[in-house]
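Residue numbers (this note's numbering): 3 to 700.
From the three backbone atoms N, C-alpha and C, an ideal C-beta is built for every residue, glycine too.
All figures in this text were calculated on a predicted structure; none of them were measured in a lab.
Structure first, commentary second.
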C-alpha cells in the first residue's frame, strides 16, 4: 500500500503530486485568538493592582494594553462597516468602552473589550475548523491507485487521473480508489463511511463499490464507473462545502437588533447633546448630559444578558461530556423542533457484540466450550465478527487454545486446527449447504441512489445479510439441527455464525450491533421536548432499520439513504419551517450535520469529519446527553429573556431620568454597572451542577 494513504492531501493539477495539508488548524495559529488571549492576559494582570489600590501608572498601562490588543480588531471591522454605511455593535462597543474609560470607568470598558475579543476569536476558530473538516474528507480517498494495463502490467497513478473504463487492482486492506464495478475477485468491503452499515459487505463480480471504502482480506479488480470528480466521496465534499456556505447566518439574539439599536443610540446621543445646546444650555452641561446618556443607554448590560447564560451553559455541558462549539450553537440547540437520528453508532453502539452461544444437543459441548473453540479458531482473524467472538471469550475468562493452519476465505469463513480438530466458522449459507440457506439480498443499500445497479448480491461470510432481516428466508429441512437456531437468531436481528468441528455442525453463534441502553429513553425525551417523535435516517436496509426503530419508539424511518439523500430530507424539513437537529457519527452523516439547523456528533466512534462538521460533540458517547443539552439550552434562553427584561428596565428608567430630570453621572454609572452585575450573576446560575437536566434513563 502506498504510504501516501497516510497523508492528508489536496487536489492537485494534472501531472503534479498532491500537496500534503496540515491535519487541523491550531487555535493559537489564528491572529484573532492570539489578540484575544493577549487582551485577556493584560486584563487579568491589571485587575489585582486596580482593585487593591496599586499605582495608577501600572494598572493604567495594563488596561491600555488590553484596550489596544482586544479592541483594534472589532474597531477595524466596525470602521469597515461604517464605510459601507452600516453601524454595527462592534464599533458601538469600542466607543462605549472608550467613553467609559474617559469618565474613569476603565475596568468596565476593558471587560467589554475582552468579551468582544473572545467572541471574535471563537468565531475565527469555528470558521477554521469548518475548513479543516472539508479538507479532512480527502483522507478518505487514496492519493494513488494501481491501474492494470492491457498487457497485464501494473502502474501506480494518481487516483484523480483515473478515467471511466480503467481497471484498478485493490489489494487487501487498501482503500478503493474510484467508484466502479467489481470485475474480478471476492472480498468484504467496509463501506460504513458511505452507507453506515455496521458490518463489512461481501463483494463479488458485478457488485458496485465506492471510492474511499476499505477492502478486506481479498483482492478485487474494479472497473472505474465514474470520474473521480463525480464519485460519492467527491459529492460528499461538495455537499459539506455547500452546506457550510449556505447555512443561514448564525447570530445571537441581541445581534439581530444591533443595527437598529446602534443607529438609534448614536442619533439619540447627538440629540441629547444638540437640543439642550440649541435652547441655551452651556456646552459643559450639554456634554455631561450626553455622556451620561451614552453610558446609561449603552448595551453593556444587554450584551451581558446574552453571553453569561450561554457561556455558563457551555461550561456546564462540557463538564457533563457535551462540547458546544460556540454560544451561537448553545442558543440554536434550544430552538430545534424536529430531530433526525442515525442508526449505526448513534442509536446502536456501532460495534458487533456476541449475543448468543447455542451448542447443538449431542455434541458434548456446553456454551463455554463452544465459545472457546470458536474464539480459538477466530483469534488470528481481523474481521469485526471474529473480534466480537474473541472479546466475548475473554470477558468470560476462557483460555484460548493455539490455532494452527489458520485460513480465511472471502465468501466462506475461517478454518483452523484447534487441539487436533478442524474447526470452521462462517455463514450458514456456505457451511451448511443442505439448508439451502444461501439468499439473495433483495434490497442492496446502494440501489435507491443507483438504479442502474440491478445486480443482486449474495452475502457470504460474514453473513452480514443475517443482520438484514428483510431477506426472504429459504425454507430449511426440519431434520437439519442448526436450521431452527439459525432462523431464530436471524429473526431476532442477529448475524448467525455456524460452527463446525471436523465437518459436523456443533453450534451456532449470534452476533449483533447492540442498541444503546439509553436509546429508548432518549427518543422519548426528545419527543417530549420537540413535540414530535424523532425520524430515523440511515444508510442501512429498511427492515433492519425498522427493527431498531420499533424497539426505541420511532415510527418514521428513512432507510437505504446515501449522504445526499439525508441532506435532501433535512432540507425538505427546513423548507417546511422546521428547525432540525441531526445526530450522527459517520462520514456519511457529515453533510446532513452541516445542513441541519444544529448538528450533534457522537464522539467516541465518530469520524473526524463528523466531529469537525457538527456544531456540538457528545464526548462521552452518552446518547441521553442530547436531550439534556437541548433542555439546558432552553433554560439558558429563559435566563437570557429574564436578563434582557432586567437590563431593559434599568436602561429605560435611567434614560428617562436623564432626559426628564437631572441624573448625576456617578448615579447613572452606578445604576448602569449595577444592572450589568445583576444580569451577569443571574446568567452564572447555570454553572451549578444542579442546572444540568437529569438525563433520560431507560
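Rounded C-alpha distance that separates residue i from residue j
{"i": "residue 182", "j": "residue 227", "result": "4 Å"}
{"i": "residue 504", "j": "residue 379", "result": "13 Å"}
{"i": "residue 478", "j": "residue 429", "result": "Residue placement at residue 478 is poorly supported in this model, since its pLDDT is 36, which falls under 50; the coordinates are not used for a value here."}
{"i": "residue 96", "j": "residue 54", "result": "26 Å"}
{"i": "residue 422", "j": "residue 373", "result": "17 Å"}
{"i": "residue 678", "j": "residue 202", "result": "58 Å"}
{"i": "residue 312", "j": "residue 502", "result": "60 Å"}
{"i": "residue 662", "j": "residue 278", "result": "12 Å"}
{"i": "residue 406", "j": "residue 414", "result": "18 Å"}
{"i": "residue 145", "j": "residue 575", "result": "37 Å"}
{"i": "residue 214", "j": "residue 266", "result": "55 Å"}
{"i": "residue 111", "j": "residue 658", "result": "23 Å"}
{"i": "residue 324", "j": "residue 556", "result": "24 Å"}
{"i": "residue 286", "j": "residue 665", "result": "15 Å"}
{"i": "residue 672", "j": "residue 298", "result": "9 Å"}
{"i": "residue 499", "j": "residue 326", "result": "42 Å"}
{"i": "residue 1", "j": "residue 527", "result": "For the chain, the structure presents residues 3 to 700; residue 1 sits outside this window and is missing."}
{"i": "residue 684", "j": "residue 690", "result": "12 Å"}
{"i": "residue 284", "j": "residue 269", "result": "20 Å"}
{"i": "residue 147", "j": "residue 613", "result": "28 Å"}
{"i": "residue 222", "j": "residue 598", "result": "37 Å"}
{"i": "residue 188", "j": "residue 525", "result": "40 Å"}
{"i": "residue 385", "j": "residue 633", "result": "41 Å"}
{"i": "residue 2", "j": "residue 584", "result": "Given a span of 3 to 700 for the chain in the structure shown, any question on residue 2 remains unanswerable."}
{"i": "residue 506", "j": "residue 381", "result": "21 Å"}
Residue i classed as buried or exposed, judged by whether at least 16 other C-beta atoms fall within 10 angstroms
{"i": "residue 212", "result": "buried"}
{"i": "residue 164", "result": "buried"}
{"i": "residue 30", "result": "exposed"}
{"i": "residue 205", "result": "buried"}
{"i": "residue 670", "result": "buried"}
{"i": "residue 568", "result": "buried"}
{"i": "residue 589", "result": "buried"}
{"i": "residue 295", "result": "buried"}
{"i": "residue 521", "result": "buried"}
{"i": "residue 464", "result": "Note that residue 464 scores a pLDDT of 39, beneath 50, so its modelled location is shaky and nothing firm can be said."}
{"i": "residue 231", "result": "exposed"}
{"i": "residue 58", "result": "exposed"}
{"i": "residue 328", "result": "buried"}
{"i": "residue 281", "result": "exposed"}
{"i": "residue 536", "result": "buried"}
{"i": "residue 694", "result": "buried"}
{"i": "residue 158", "result": "exposed"}
{"i": "residue 629", "result": "buried"}
{"i": "residue 404", "result": "exposed"}
DSSP three-state assignment for residue i, whether helix, strand or coil
{"i": "residue 647", "result": "helix"}
{"i": "residue 362", "result": "coil"}
{"i": "residue 504", "result": "coil"}
{"i": "residue 165", "result": "coil"}
{"i": "residue 556", "result": "coil"}
{"i": "residue 408", "result": "strand"}
{"i": "residue 375", "result": "helix"}
{"i": "residue 338", "result": "coil"}
{"i": "residue 693", "result": "helix"}
{"i": "residue 580", "result": "coil"}
{"i": "residue 151", "result": "coil"}
{"i": "residue 215", "result": "coil"}
{"i": "residue 426", "result": "strand"}
{"i": "residue 20", "result": "Confidence at residue 20 is low in this model, with a pLDDT of 35, below 50, so its placement is unreliable and the value that follows should be read with caution. Residue 20 falls in the coil class under three-state DSSP."}
{"i": "residue 539", "result": "strand"}
{"i": "residue 544", "result": "helix"}
{"i": "residue 393", "result": "helix"}
{"i": "residue 119", "result": "helix"}
Residue(s) in a DSSP beta bridge with residue i
{"i": "residue 604", "result": "620"}
{"i": "residue 511", "result": "359, 499"}
{"i": "residue 354", "result": "515"}
{"i": "residue 325", "result": "619"}
{"i": "residue 210", "result": "183"}
Check your understanding: Contact between the stretch 343 to 355 and the stretch 499 to 516: three or more CB pairs below 8 Å?
Key -> yes
Check your understanding: Hey, is the stretch 387 to 395 in contact with the stretch 536 to 552, meaning 3+ C-beta pairs nearer than 8 Å?
Key -> no
Review point. Is there contact between the stretch 647 to 654 and the stretch 362 to 369, where contact requires at least three CB pairs shorter than 8 Å?
Key: no
Review point. Are the stretch 102 to 114 and the stretch 79 to 88 touching by the rule of at least three beta carbon pairs closer than 8 Å?
Key: no
Review point. Would you say the stretch 643 to 650 touches the stretch 307 to 324, given that touching needs at least three Cβ pairs under 8 Å?
Key: yes
Check your understanding: Would you call the stretch 484 to 494 and the stretch 339 to 352 touching, i.e. three or more CB-CB distances under 8 Å?
Key -> no
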